[in-house]
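In the working numbering, the protein residues as written are 368 to 986. In what follows, a single structure is set out as structure tokens and then discussed.
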Amino acid sequence: MTRDTRSSLALMAAVVLGLAGCASSTPNRAGGRGLPEITVLEIAQLNDVAPAQVQAYAAEVKKQSHGSLLLHFTDYWRQGEIDFEQRTLEDVKGRRVPGAWVGVRALDLIGVTSFEPLVAPLLVDSQVLQERIFSEGIPLEMARGLEGHGLVAVAVLPGPMRKVLGVRKPFLERADFRFADLGIQGGGIPEATATTLAETFTRMPSGANLAEVDAYEQQVENVVGTFYGLEAKYVTANVNLWPQAMAVVLNEASYRALTDVQREVLRTAATDAIPAALEATQSEEDSAVAKLCGQDVAFLPSSDLQLAGLRHVVQTVYDEIADDPGNARMLDRLTDLRASVAAPPDVSACPAPGPGPGTGGGAFPEGTYDMVLENDLTSQCTDGSAQGTPGRKSWFSLEVRGDRLTMRQRIDSQTAPPKVGHDMVYRTLRDQVQVDNLTARWSFDGTALRLSDMSGGSCGDAAIWTTNPWVLRSGPAHPVASVVPDGTYETVLSSDDRHLCDGRPGADYLNGAATSDPRTWYASFTLSGGAVTEYFREGTPSAIANMAWVGNYRVYGGTFELTLITSSGIQPYGARRSVLIATFTFDGTTLTLTPVGTWRCDARVVWTLHPWTLTRKAR
């Protein structure tokens, strides 16, 4: 069957009459009750398996429609083509297929720029921030930008972070990119970012050969799925370029052909699927990192100084995005959220080492472990403990919390309902573990938990527990407290200090309109829940305080980041929207800032010339 033939069938909203047990309100010709009509929407996709986030949406659509509205995925659409996303979107617009899912970073290829703030480089760099953005419905607001382009975004879903995969060396700072060829996918923002960072860039199809590039922007799940980890051995752990958010789009004709109830199902499911999509995103990331660690891929973090330098370089991309007034407002809104969340960039890291192989000791490291088993291994058991269909696989997870262990299993399919196999207290003594009547030897190498020499159970128990290692997917979370407390900080700028920028941009901001020498400035700023407000008192500490500007701040690692939102009087720092990045030290009383990158003279004088003293800590 040709692609166009399949599309024609789907555009007719195929009616399937075959769900036993479901009744229609319309009698059939035999006088009984008919089965309900089922509308199937064909959704094109690049590969043969939809991402877990899109699967979560499809499941929610099926659930809320009681099985009467289904998404059917057509695989390998435009696979191997460099411009696969653009061509797929054009296919949807041209009615060659009713719908597709694509990365939102590609939508500007067809003129839809409303998602560009979401993929501004290094802005949305944590899942905590992405969750906040989706909880406020911002991506669905961005989806209105498709109006007039022949498409409707029925869902926008969160995704994993796109990172930098180094083929022959790590890419930690600007100098590493300078003479490199960076492989990219997507639209204008990846291209603008690559142009800013690297000497050249190459647009890559799915599964492209890494020999063509020095580095590649990718999510770690794709690095595992394409076996890149066997060739490229470096991932920059905390450089999160942008989230791989996804949009499910329909052409307007297919969308109009649906009933009001069906359109409402698509909209409601888009919101209700977000929690499951976020959970799937984190699970995929953790699992993929653990697998890559097992392939000796190194997750090397950029230092705070290196990361700040990269942020400074990509500022030009922000300026391009902000040329559109609506996008400029959205950038400010996302920047506000980023400051209020105050989460550091997500860091991908191999699990901390535990006892080495064969040297089990203490308790199992807490966390969730995954394992996949060929059913053929248990089908050989003759004691009645075999399970699953021969020739297929089953999926297992192991959750360890405190002294309790829970094992769940999905037989024959990764999407089968999970069933609890064990849920009980376990005990360890040196390299021995006991779970119920099972006793085994154990070891943990920081990535995988291995069991061997099991006794006390069935043949099936031994096959499940000891055949393959259990790979650590995620460990317990450890929240990090802010190292710079909210409160009021003060410093003093002398008359001489205010003359330091004479003859340079910003001198008027420091000197004011006075014809005589400016008087001493008593400066202060207040940090409060991600917001910062700066004041000056001129002449004496008791003078009336004049507000200089209002902005946001963010602290992560050893980096202090300030973002100007608005100012009074003369616009400081030479831009309508400025981001100032500094390293800092704080000893509990004194905060010292050291600028990173290019700061205007007036900003350096105000913020970094003298230390700031914490005079009043927020309650």
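Ideal Cβ positions, reconstructed from N, Cα and C, are used throughout, including at glycine. Computed from a predicted model, the values in this text were never measured in an experiment.
Between residue i and residue j, which are expected to be in contact by the criterion C-beta below 8 angstroms, what is the C-beta distance as a whole number of angstroms?
| i | j | result |
| --- | --- | --- |
| residue 679 | residue 963 | 7 angstroms |
| residue 532 | residue 590 | 6 angstroms |
| residue 930 | residue 706 | 7 angstroms |
| residue 615 | residue 459 | Going by Cβ atoms, the distance from residue 615 to residue 459 rounds to 10 angstroms, so no, they are not a contact pair. |
| residue 451 | residue 413 | 6 angstroms |
| residue 816 | residue 736 | 6 angstroms |
| residue 469 | residue 613 | 7 angstroms |
| residue 434 | residue 410 | Not really, about 17 angstroms apart at Cβ, beyond 8 angstroms. |
| residue 423 | residue 599 | Not really, about 30 angstroms apart at Cβ, beyond 8 angstroms. |
| residue 887 | residue 906 | 7 angstroms |
| residue 708 | residue 633 | At roughly 29 angstroms, the Cβ-Cβ gap does not stay under 8 angstroms, so residue 708 and residue 633 are not in contact. |
Taking the beta strand (DSSP E) that residue i falls in, what are its first and last residues?
| i | result |
| --- | --- |
| residue 980 | 979-984 |
| residue 444 | Here residue 444 belongs to no beta strand (DSSP E), and DSSP marks it neither H nor E. |
| residue 452 | Run containing residue 452: none in the beta strand (DSSP E); it sits in the alpha helix (DSSP H), 451-460. |
| residue 891 | 888-895 |
| residue 736 | 734-741 |
| residue 636 | Residue 636 -> not in any beta strand (DSSP E); alpha helix (DSSP H) instead, spanning 627-639. |
| residue 548 | 548-551 |
| residue 616 | 613-618 |
| residue 666 | 665-667 |
Spatial neighbours of residue i within its chain, please: C-beta separation below 7 angstroms, excluding the five flanking residues on both sides.
| i | result |
| --- | --- |
| residue 984 | 852, 854 |
| residue 574 | 593 |
| residue 559 | 684, 687 |
| residue 783 | 777 |
| residue 788 | 774, 775, 776 |
| residue 753 | 745, 746, 827 |
| residue 368 | The predicted model places residue 368 with a pLDDT of 39, which falls under 50 and marks its position as unreliable; any figure quoted below should be read in that light. The answer is none, since no qualifying residue turns up. |
| residue 799 | 806, 808 |
| residue 802 | 772, 789, 791, 793 |
| residue 971 | 962 |
| residue 445 | 413, 451, 454, 455 |
| residue 703 | 919 |
Short of 6 angstroms in beta carbon distance, which residues of its chain neighbour residue i, apart from the five on each side in sequence? Order them along the chain.
| i | result |
| --- | --- |
| residue 845 | With a pLDDT of only 37 at residue 845, under 50, the local geometry of the prediction cannot be trusted, and the value read off the model is given with reservation. If we look at residue 845 and ignore the five residues flanking it on each side, it has no Cβ neighbours. |
| residue 608 | 488, 529, 584 |
| residue 501 | 525, 641 |
| residue 565 | 544, 547, 549 |
| residue 586 | 527, 529, 611 |
| residue 759 | 742, 779 |
| residue 785 | 775, 777 |
Looking at the secondary structure, which residues open and close the alpha helix (DSSP H) in which residue i lies?
| i | result |
| --- | --- |
| residue 971 | 968-975 |
| residue 835 | Looking at the DSSP string, residue 835 is not in any alpha helix (DSSP H), and its letter there is neither H nor E. |
| residue 697 | 692-708 |
| residue 595 | It is not in any alpha helix (DSSP H) - residue 595 carries neither H nor E in the DSSP assignment. |
| residue 561 | 555-564 |
| residue 948 | Note, residue 948: premise wrong, no alpha helix (DSSP H); beta strand (DSSP E) at 946-953. |
| residue 405 | Looking at the DSSP string, residue 405 is not in any alpha helix (DSSP H), and its letter there is neither H nor E. |
| residue 673 | 671-680 |
| residue 421 | 419-431 |
Keeping to the same chain, check which residues put their C-beta closer than 8 angstroms to that of residue i; ignore five residues upstream and five downstream.
| i | result |
| --- | --- |
| residue 832 | 805, 807, 818, 821, 824 |
| residue 571 | 449, 550, 551, 552, 579, 580, 583 |
| residue 834 | 740, 744 |
| residue 447 | 572, 573, 574 |
Is the stretch 465-479 in contact with the stretch 539-557, if contact means three or more CB pairs nearer than 8 angstroms? Yes, the stretch 465-479 is in contact with the stretch 539-557.
Contained beta strand (DSSP E) runs [length at least 3] in the stretch 766-823, N- to C-terminal order: Unbroken beta strand (DSSP E) runs of no fewer than 3 residues, entirely contained in the stretch 766-823, are found at 771-777, 786-796, 799-802, 805-811, 815-822, following chain order.
Assess, as a yes-or-no matter, whether the stretch 615-626 is touched by the stretch 532-541 under the definition of 3 or more beta carbon pairs within less than 8 angstroms. The stretch 532-541 is not in contact with the stretch 615-626.
Which complete beta strand (DSSP E) runs does the stretch 898-931 hold, if anything under 3 residues is left out? 898-905, 913-923
Under 8 angstroms, with one C-beta from each stretch per pair, do the stretch 476-485 and the stretch 506-516 reach the 3-pair mark? yes
Determine, using beta-carbon pairs with one atom in the stretch 975-982 and one in the stretch 854-864, whether at least three such pairs fall under 8 angstroms. Segments in contact, yes.
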